[in-house]
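**Student:** I am attaching a structure below and will ask some questions about it afterwards.
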């Protein structure tokens, strides 16, 4: 049963199994284990980013294609929901229509980009996606009539997903069973479903072909797999899942703006999460996203304490200033690529 | 028998077919075509002149930054995202020199102004070039031949470099006023010619011509062009291609640093992430021109600069997407770019 | 027997996961033209590339005039006086004929006597001196490739299938050129599929199959012995040209 659910791709390491279980339990019971708005927000963000990073893994880890447009698709999904909810406030139809519209636009756009850049050389894809996504970002902030520009859009979600809605009056374990809780479980279950779906894809023959292409484009071509077609499908698939992740985020945050969806900073975060967590195993995305977001939300506090403790020394406080944490992550990222390209998951699996 | 073969080998036409020869020149014609189309669409001479100058200046600056990237790619098949870091570093080093030159930049004397700007540019080139050397040894060399890792590692290098800039110069944008002699415009009747743009075009042209001279007339340049085509054969002729490559990498980084100063003075403000922002334009130019081609890079840069300024005036909403549309159009026409290098 | 100029002892070369050379033993005597024959895929090109250091042998010794060159960098090997003409000729198509020659003469400008000699061998080069090499015809390109290899005195030329895809009349011209070249006492290791060419220019011969040398001897001996030809080379050679 579990084997079927995970598509036969078990963690294959005791340490990894334990960590994944801890993450699963932590996220599944987050509202009860870590009450409070801030921690619930962190948990929801982790859920969405696990999906986002896992869908990126389909590209980077399984297909060997570097894309810088992943946040663009994420943003399209988010703006789809945001714009529809702006039109039909607080409606389930708006959510559905927005998600589907975002999905369709993302897949179509991904298809066009793949068509243009993959047929020449795979590295074109990295450059073209960077160019297209940065143009898209500027476009989104320019079309302020539609997107709210730099300010973004705030909108209302259906009443059942807001804190005003009470499902039952009694509290469970001291937690109010309100719409906010429902919203969280919507995000959690949808994310879990999408991750399982991705696991299914990469473990199907389709995923094996992708890996064959990644290992040796020339030979895969010789055996007769049309590499461009397979890669294009992977690009579209990954864009579609990213778009759905964006829709989830839009539903959770009730706000969509360029900084929360489209910015290149998020793109770099995704890269860092995936490479440090481990490319080419969806579990790496789970680990990477969780650790990264926990670290960003809590480790920075520690750095802050450290920095003020070292107050009077020259340079050292500046180095562990919380704003500099990206510096250390960048260094860690480079070291990961050199020394353990399969990331934390690869380490855990090798060391079992 | 020998006579016959001799005459045969000598008379065999050593020229490419007409269509191919003609096709080679079409990309060069695009620039005048753009100029004429721009004039027809804009309709007003003075406006057109101003926009054209702005476009050429922007194009030249992008060319200065992109030339190194395209050569590094052509020579060693390395796509260096870290190139953006050299642009930023150049701008910050240049700004530091300029701002510390104090009164010299504000003085109403071309000589004093130049006395501040030239050292700033030289310092930017030296620091960016030195950083390029370190970057090549530490970041790039271990991942030769692995494209995926190259992109990741050079991107990581860019992130770290950006953060180091924030560490050294602080997180905020730094305003960078132009020296006195580079501010303002010359007025010819209806046409206002902004001085800084003229200087940018001149400097860009000098660098383009110097690059062409080096690549076309010096032994080192010949080796670089030969290496772009077939690095293995350069090695088999007894040259160490690594040395050539390091030279190109350092020179390309230095040019990126110079471009960073030029761009900073153009925008009059510099930020740590400006390198990444400009890198987007640089990539578009390199793709349009054909990876590895200096001529193509030059044409691509001018087209991008002109198009950005023309559409910015004609259809401001479209201006941002114009470069992407240009890239798509070029790739539809020539999937390898305007002037691709034939690799063996 | 004098020391050979080049000696390969038990050379193994892997390309990726493929084991191409499986213990090649080959002597190239100084001053002569040694033919390296064999079927497609026998490992001839890999042998040349392994000598040149373009692929590093995983095992065995490559000794050139007393120096072990296995594992050395290609540029350093070239500097010992080896020149390589690959099957695809390795010309720089965007550079002119002149520029190709200038780069090949690494030690400095060529002296006029040598240049005249090369022009005598390949008159077409003089005519198209300032044209891009990419514009030359197939035969002219091959001549330029060989001319580049002899732009300065070399001790050993490694030439891979110069007649491939060339018209018979141009092959004749190449044979003339090789006969001239031999008079200049240059040692040549020539990979060839054209048996007529091999018979015309070869002094000694080595035949490869499945990554090993299966026959060595005088070229004249192989040329006369049809049964041996059949056994060693099968029908893959174009013996009727």
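Protein chains in written order, with my numbering: chain A, 9 to 360; chain B, 2 to 345; chain C, 719 to 959.
Idealized CB from N, CA, C, for every residue including glycine.
Between the C-alpha atoms of residue 17(A) and residue 219(A), what's the straight-line distance to the nearest angstrom?
**Tutor:** Rounded to the nearest angstrom, the two C-alpha atoms are 15 Å apart.
**Student:** For residue 948(C), count neighbouring C-beta atoms within 10 Å of its own C-beta (all shown protein chains included) and say buried if the count is 16 or more, exposed if not.
**Tutor:** Per the 10 Å Cβ criterion, exposed.
**Student:** Helix, strand or coil: which one does DSSP assign to residue 271(B)?
**Tutor:** Note: residue 271(B) maps to strand in three-state DSSP.
**Student:** With a threshold of 8 Å between beta carbons, is residue 339(A) in contact with chain B?
**Tutor:** Residue 339(A) counts as touching chain B.
**Student:** Quick check on residue 120(A): buried or exposed, where buried means 16 or more other Cβ atoms within 10 Å of its Cβ?
**Tutor:** Exposed is the call here.
**Student:** May I ask you to list, following chain order, the residues of the region 144-160 of chain B that have a beta carbon less than 8 Å from some beta carbon of chain A?
**Tutor:** Within the region 144-160 of chain B, the residues whose Cβ lies closer than 8 Å to some Cβ of chain A are 144, 148, 149, 150, 152, 153, 154, 156, 157, 158, 160, listed in chain order.
**Student:** Taking 8 Å as the threshold (beta carbon to beta carbon), is residue 848(C) in contact with chain B?
**Tutor:** Not an interface residue.
**Student:** Roughly how many angstroms separate the alpha carbons of residue 1(B) and residue 229(B), rounded to a whole number?
**Tutor:** Look at the range of chain B in this structure, 2 to 345, and you will see that residue 1(B) is not part of it.
**Student:** Is residue 778(C) helix, strand or coil when you go by DSSP?
**Tutor:** Residue 778(C): strand per DSSP, three-state reduction.
**Student:** With 9 Å as the C-beta to C-beta threshold (strictly closer), list the residues of the region 778-796 of chain C near chain B in chain order.
**Tutor:** The region 778-796 of chain C vs chain B, Cβ under 9 Å: 791, 792, 793, 794, 795, 796.
**Student:** Closest to residue 272(B) by C-alpha separation, out of 147(B), 26(B), 168(B), would be which residue?
**Tutor:** Per the Cα distances, 168(B).
**Student:** Check residue 314(B) in the structure and name its three-state DSSP category.
**Tutor:** Helix, per DSSP.
**Student:** Can you say whether residue 825(C) is buried or exposed, counting buried as having 16 or more other CB atoms within 10 angstroms of its CB?
**Tutor:** Answer is exposed; the Cβ neighbour count stays below 16.
**Student:** Just checking: is the beta-carbon of residue 135(A) within a distance shorter than 8 Å of some beta-carbon in chain B?
**Tutor:** It does: the Cβ of residue 135(A) has a partner Cβ on chain B nearer than 8 Å.
**Student:** Among 734(C), 868(C), 778(C), which has the Cα closest to the Cα of residue 742(C)?
**Tutor:** Taking only the C-alpha atoms, the option nearest residue 742(C) is 778(C).
**Student:** Tell me the residue span of the alpha helix (DSSP H) that contains residue 233(B).
**Tutor:** Taken as a continuous stretch (DSSP letters only), the alpha helix (DSSP H) holding residue 233(B) covers 220-237.
**Student:** Let me make sure I understand the geometry here. Which of 755(C), 930(C), 815(C) has the alpha-carbon closest to that of residue 853(C)?
**Tutor:** The shortest C-alpha separation from residue 853(C) is found at 815(C).
**Student:** Chain B partners of residue 131(A), CB-CB under 8 Å?
**Tutor:** Ordered by position in chain B, the residues that pass the 8 Å Cβ test against residue 131(A) are 80, 148, 152.
**Student:** Would you say residue 910(C) faces chain B, with C-beta separation under 8 Å as the test?
**Tutor:** So, not an interface residue.
**Student:** Figure out for me which residue from 268(A), 142(A), 266(A), 300(A) has the closest Cα to the Cα of residue 282(A).
**Tutor:** With distances taken between Cα atoms, residue 282(A) lies closest to 300(A).
**Student:** Report the start-end ranges of each alpha helix (DSSP H) in the region 208-241 of chain A that is 4 residues or longer and not cut off at the edges.
**Tutor:** Taking only runs of at least 4 residues, the alpha helix (DSSP H) segments lying wholly in the region 208-241 of chain A are 213-223, 225-231.
**Student:** Quick one, which residues of the region 273-288 of chain B are near chain A if we go by CB-CB under 9 Å, in chain order?
**Tutor:** Residues 274, 277, 278, 280, 281, 282, 284, 285, 287, 288.
**Student:** Quick check for students: name the residue ranges of the alpha helix (DSSP H) that lie wholly in the region 823-867 of chain C, counting only runs of 4 or more.
**Tutor:** Listed in chain order, the complete alpha helix (DSSP H) runs (minimum 4 residues) inside the region 823-867 of chain C are 830-839, 841-845, 856-867.
**Student:** Looking at residue 863(C): is its Cβ nearer than 8 Å to the Cβ of residue 809(C)?
**Tutor:** The answer is yes: Cβ separation under 8 Å.
**Student:** Ignoring anything shorter than 3 residues, give me the beta strand (DSSP E) runs that lie fully in the region 726-774 of chain C, in order along the chain.
**Tutor:** Whole beta strand (DSSP E) segments, 3+ residues: 736-746, 751-756.
**Student:** Is residue 283(A) close to chain B, meaning its C-beta is less than 8 Å from at least one C-beta of that chain?
**Tutor:** True, the Cβ-Cβ gap to chain B drops below 8 Å.
**Student:** For residue 748(C), decide whether its Cβ has a neighbour in chain B, counting only Cβ atoms nearer than 8 Å.
**Tutor:** False, the Cβ-Cβ gap to chain B never drops below 8 Å.
**Student:** By the criterion of Cβ-Cβ separation under 8 Å, what are the contact partners of residue 140(B) in chain A?
**Tutor:** Chain A residues near residue 140(B): 342.
**Student:** Grab me the residues of residue 340(A)'s own chain with a C-beta within less than 7 Å of its C-beta, minus the 5 sequence neighbours each way, in chain order.
**Tutor:** Cβ neighbours of residue 340(A) beyond the five flanking positions: 284.
**Student:** Would you check if there are 3 or more beta carbon pairs closer than 8 Å linking the region 189-202 of chain A to the region 266-281 of chain A?
**Tutor:** Judged by Cβ distances under 8 Å, the region 189-202 of chain A makes no contact with the region 266-281 of chain A, as fewer than three pairs qualify.
**Student:** Looking at the C-beta of residue 167(B), does it have a partner C-beta in chain C at a distance below 8 Å?
**Tutor:** False, the Cβ-Cβ gap to chain C never drops below 8 Å.
**Student:** Can you give me the start and stop residues for the beta strand (DSSP E) that residue 922(C) sits inside?
**Tutor:** Looking at the DSSP string, the run of the beta strand (DSSP E) that includes residue 922(C) is 922-927.
**Student:** Is it buried or exposed, residue 756(C), if we count other Cβ atoms within 10 angstroms and call 16 or more buried?
**Tutor:** The residue is buried, with at least 16 neighbouring Cβ atoms inside 10 Å.
**Student:** Does any residue of chain C bring its CB to less than 8 Å from the CB of residue 240(B)?
**Tutor:** Closer than 8 Å: yes.
**Student:** Less than 8 Å between CB atoms is the rule here; does residue 802(C) satisfy it with respect to chain B?
**Tutor:** Interface residue, yes.
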